[in-house]
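A quick write-up on the structure given underneath.
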Amino acid sequence: MTDYLIRNADVVVTMDDDRRELSGADLRLSGGIITEIGHDLHSNGEEVLATGCVVTPGLVNTHHHLYQSLTRAVPAGQDALLFGWLQTLYPIWARMTPEHFQVSAQIGLAELALSGCTLSSDHLYLYPNGTRLEDTIHAAAELGLRFHPTRGAMSIGQSAGGLPTDDLVEDEDAILADCIRVVDAFHDAAEGSMCRVGIAPCSPFSVSTDLMREAALLARDKGVMLHTHLAENQEDIDYSLANFGCRPGQYAQDLGWVGPDVWHAHCVKLDASEIALFAETGTGVAHCPCSNCRLGSGIAPLRAMRDAGVPVGLGVDGSASNDTGNLVAEARMAMLLQRVAQGADAMSAREALEIATRGGADILGRPDCGRLAVGKRADIAIWDVSGIEAAGSWDVAALLLAGPRTVRDLFVEGRQVVRDGHIQTIDLGAQIARQNQLAQALM
Ligand SMILES: [Zn+2]
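Numbering (the working numbering), first residue to last: 832 to 1274.
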């Protein structure tokens, strides 16, 4: 593997334990990790000149549904609330095949990579027409992103009072058996791992209480993480009260769904006691501000969560409800939305960037990622701030307050995935063409 020396960055925003910001600094990458940070390091390996650039840790995406990249801006779902939106899209998703899942995963991950993301999770909860989790795992490996796929599931279809169409739900025993299969086959717990598998029933309104409980037991037995959607909007709270007789936080706690090995997506409607529960138990939250705006779900109490000590990361959510997958734009939206709710001092650009980097890494159980320090993984985003978006900037906070919205270069595990704004590992043009063909056929 090539060693790299990233030379003379205008500013290196380390997000290390001291939150150091280093002017004119160099970073050496070797063997997949950062081996040296300093000034005027001696050259060996390939040099990447970073004059005119800001260098940050690679951003971490903690919630996505990559298959949805094939259903952006579907007309009938453009203006619906969550439940109506889902019911519009289920029949379309039911027609997808393994190829749809492979291509859309690669498009979604490439889009993330160009926006500075080096580590992404994915929540795949439907498996029509022979689709398997590894369809997305292979796509991520080919692209070269660090990947945390989760084996999602739905088991309560319309005929049983659930939301999804019956052809998209699976038998619960088969779900658990496939969770075991994919964890055994693909989960790598080692430091520096490029693939970790989680277990992730879709939401409390699409699987049984038994499956939620069994999934938690299985995840603990296997030593893998748990993920689901929780408290996304008022409909979600109403469903919980009507069907389980309690709020989502209580439901999660009763079934073993709290702890540092659990992260929940959205949590827009968590109340004060639920925030306290998550803080006390170290339960993580994937905050998805654009999706929450798009579906009119509300503004998540991010300020209150952070102040209470809830671990929080950022997620773009699926591209059927965003409909973009740009993670640095998502960080800007997180910052802006807290200011709408709480005032201009509610969230700084630096705090939003911290949530997007080490915050996300921490809730995915990856203290080896999300910060630039010697010994940490060489996951690095290089942002060219010499262009028009940042022209006239006084401070590195311009990365979120101004721009740019795409990286110049991106390294994952010390390997260059983006160079001069272009993906190096796959033929992106061909994949975009195929993605558009597949979308046209679905349409
Ligand atoms: Zn989601």
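Even glycine gets a Cβ: it sits at the ideal position worked out from N, Cα and C.
query = In chain order, what residues of the same chain lie with their CB nearer than 6 Å to the CB of Leu1061, ignoring the 5 residues before and after it?
reply = Looking up residue 1061 in the sequence shown gives position 230. So the qualifying residues of the chain are Pro1079, His1095, Cys1098.
inquiry  = Let me check understanding here. Comparing Cα to Cα, which of Glu852, Val1147, Leu1269 lies closest to Cys1119?
reply    = Residue numbering aside, residue 1119 sits at position 288 when the sequence shown is read from its first letter. That would be Val1147, whose Cα lies nearest to the Cα of Cys1119.
task = Check Ile1257 in the structure and name its three-state DSSP category.
result = For the purposes of this step, residue 1257 is taken as the residue at position 426 of the sequence shown. DSSP places Ile1257 in coil when its eight states are reduced to three.
ask   = Should Asp997 go down as buried or exposed, given a rule of 16 or more other Cβ atoms within 10 Å for buried?
value = Working through the sequence shown from its first residue, we reach residue 997 at position 166. With fewer than 16 Cβ atoms within 10 Å of its Cβ, Asp997 is classed as exposed.
query = Does the distance from the CB of Asp1215 to the CB of Cys884 come in under 8 Å?
reply = In the sequence shown, residue 1215 corresponds to position 384, counting from 1. In the sequence shown, residue 884 corresponds to position 53, counting from 1. Contact flag set, yes.
message = Using a Cβ distance threshold of 8 Å, determine whether the stretch 968-976 contacts the stretch 933-946, with at least three qualifying pairs required.
response = yes
Local conformation of Trp916 per DSSP, three classes = One-based indexing of the sequence shown puts residue 916 at position 85. Three-state DSSP puts Trp916 in a helix.
ask   = Can you tell me whether DSSP reads Gln1247 as helix, strand or coil?
value = Here residue 1247 refers to the residue found at position 416 when the sequence shown is read from its first residue. DSSP places Gln1247 in strand when its eight states are reduced to three.
ask   = Cα separation between Tyr956 and Gln1065?
value = Here residue 956 refers to the residue found at position 125 of the sequence shown. Here residue 1065 refers to the residue found at position 234 of the sequence shown. Taking the straight line joining both Cα atoms gives about 22 Å.
inquiry  = Check for me: the beta strand (DSSP E) holding Tyr835 runs from which residue to which?
reply    = Numbered from 1 along the sequence shown, position 4 holds the residue referred to as residue 835. From DSSP, the beta strand (DSSP E) with Tyr835 extends over 835-844.
task = Give me the Cα-Cα distance between Met867 and Lys1207, rounded to the nearest whole angstrom.
result = On the sequence shown, position 36 is the one that residue 867 refers to. On the sequence shown, position 376 is the one that residue 1207 refers to. One detail in the question is off: residue 867 reads as Glu in this sequence, not Met. Taking the straight line joining both Cα atoms gives about 10 Å.
request  = Would you mind giving the Cβ-Cβ distance between Leu1203 and Pro888, rounded to the nearest angstrom? I have them listed as a contact below 8 Å.
outcome  = Within the sequence shown, numbered from 1, the residue matching residue 1203 stands at position 372. Within the sequence shown, numbered from 1, the residue matching residue 888 stands at position 57. Contact flag correct, Cβ pair sits at about 5 Å.
inquiry  = What does DSSP give as the partner residue(s) for Ala856 in the beta ladder?
reply    = Start at 1 with the first residue of the sequence shown, and residue 856 comes out as number 25. Its beta-bridge partners are Ala840.
request  = Pull up the distance between the alpha-carbon of Leu964 and that of Asp871, whole angstroms please.
outcome  = On the sequence shown, position 133 is the one that residue 964 refers to. On the sequence shown, position 40 is the one that residue 871 refers to. If I take the Cα positions, the gap works out to 45 Å.
request  = For Gly1149, verify whether its CB is less than 7 Å away from any heavy atom of ligand 1.
outcome  = For the purposes of this step, residue 1149 is taken as the residue at position 318 of the sequence shown. Gly1149: yes, Cβ under 7 Å from ligand 1.
ask   = Exposed or buried, Val879, counting other C-beta atoms within 10 Å across all chains shown (16 or more means buried)?
value = Start at 1 with the first residue of the sequence shown, and residue 879 comes out as number 48. By the 10 Å Cβ count, Val879 comes out buried.
inquiry  = I'd like to know whether the C-beta atoms of Ile1030 and Val1055 end up nearer to each other than 8 Å.
reply    = The residue you call residue 1030 lines up with position 199 of the sequence shown. The residue you call residue 1055 lines up with position 224 of the sequence shown. Yes.
ask   = Does the beta-carbon of Val1205 have 16 or more other beta-carbons within 10 angstroms, so that it is buried, or is it exposed?
value = The count along the sequence shown starts at 1 and reaches residue 1205 at position 374. With fewer than 16 Cβ atoms within 10 Å of its Cβ, Val1205 is classed as exposed.
query = So, do the stretch 1045-1055 and the stretch 1014-1033 have three or more beta carbon pairs nearer to each other than 8 Å?
reply = yes
query = So with Cβ pairs under 8 Å, would you call Ala1083 a contact of chain D?
reply = Here chain D cannot be found, since the structure has a single protein chain.
message = Given 7 Å as the limit, tell me if His1118 has its C-beta closer than that to any heavy atom belonging to ligand 1.
response = For the purposes of this step, residue 1118 is taken as the residue at position 287 of the sequence shown. No; taking the cut-off as 7 Å, the Cβ of His1118 has no heavy atom of ligand 1 nearer than that.
query = Helix or strand or just coil, what does DSSP make of Ser1039?
reply = Within the sequence shown, residue 1039 is the residue found at index 208, counting from 1. Correct three-state label for Ser1039: coil.
request  = My understanding is that Ile1211 touches Val844, with C-beta atoms under 8 Å, so please give their C-beta distance in whole angstroms.
outcome  = Reading the sequence shown from its first residue, position 380 is the one you call residue 1211. Reading the sequence shown from its first residue, position 13 is the one you call residue 844. Incorrect: roughly 11 Å between the Cβ atoms, too far for contact.
query = What is the rounded straight-line gap between the Cα of Thr919 and the Cα of Gly1245?
reply = The residue given as residue 919 occupies position 88 in the sequence shown. The residue given as residue 1245 occupies position 414 in the sequence shown. About 42 Å.
key: Inter-residue Cα distance where the pair is Val1141 and Ser1150   = The residue you call residue 1141 lines up with position 310 of the sequence shown. The residue you call residue 1150 lines up with position 319 of the sequence shown. Rounded to whole angstroms, Val1141 to Ser1150 spans 26 Å at the Cα level.
task = Could you spell out the range, first to last residue, of the alpha helix (DSSP H) harbouring Ser1071?
result = Here residue 1071 is taken as the residue at index 240 of the sequence shown, counted from 1. Run containing Ser1071: 1065-1075, per the alpha helix (DSSP H) assignment.
Segment limits, alpha helix (DSSP H) that includes Gly939 = The residue labelled residue 939 in the question sits at position 108 within the sequence shown. Counting along the chain, the alpha helix (DSSP H) containing Gly939 begins and ends at 929-945.
Bounding residues of the alpha helix (DSSP H) (the contiguous stretch that carries Pro1132) = Working through the sequence shown from its first residue, we reach residue 1132 at position 301. Neither: Pro1132 is in no alpha helix (DSSP H) and is coded neither H nor E.
task = Please go through the same chain and pick out, in chain order, the residues whose beta-carbon is closer than 6 Å to the beta-carbon of Asp966, but skip the five residues on each side of it.
result = Taking the sequence shown and counting its residues from 1, the one referred to as residue 966 is at position 135. Within the same chain, Asp966 has close Cβ partners Pro929, Phe932, Gln933.
key: Pro995 in three-state terms, based on DSSP   = By 1-based counting over the sequence shown, the position of residue 995 is 164. Correct three-state label for Pro995: coil.
Residue burial classification, Val1238 (beta-carbon count within 10 angstroms, cutoff 16) = Locating residue 1238 in the sequence shown gives position 407, counting from the first residue. Buried, because 16 or more other Cβ atoms sit within 10 Å of the Cβ of Val1238.
key: Sequence-distant residues of the same chain with beta carbon closer than 6 Å to Glu825, five excluded per side   = What is shown of the chain runs 832 to 1274, which leaves residue 825 out entirely.
message = Here's a check: name, in chain order, each residue in its chain whose Cβ is nearer than 6 Å to the Cβ of Arg851, leaving out the five neighbours to either side.
response = Stepping through the sequence shown from its first residue, residue 851 is reached at position 20. The answer, listed in chain order, is Thr845.
task = Starting from Gly1191, follow the alpha helix (DSSP H) in both directions and report where the run begins and ends.
result = Indexing the sequence shown from 1 puts residue 1191 at position 360. Gly1191 -> alpha helix (DSSP H) spans 1191-1194.
query = What alpha helix (DSSP H) runs, 4 residues minimum, are completely inside the stretch 958-1024?
reply = 965-974, 1003-1017
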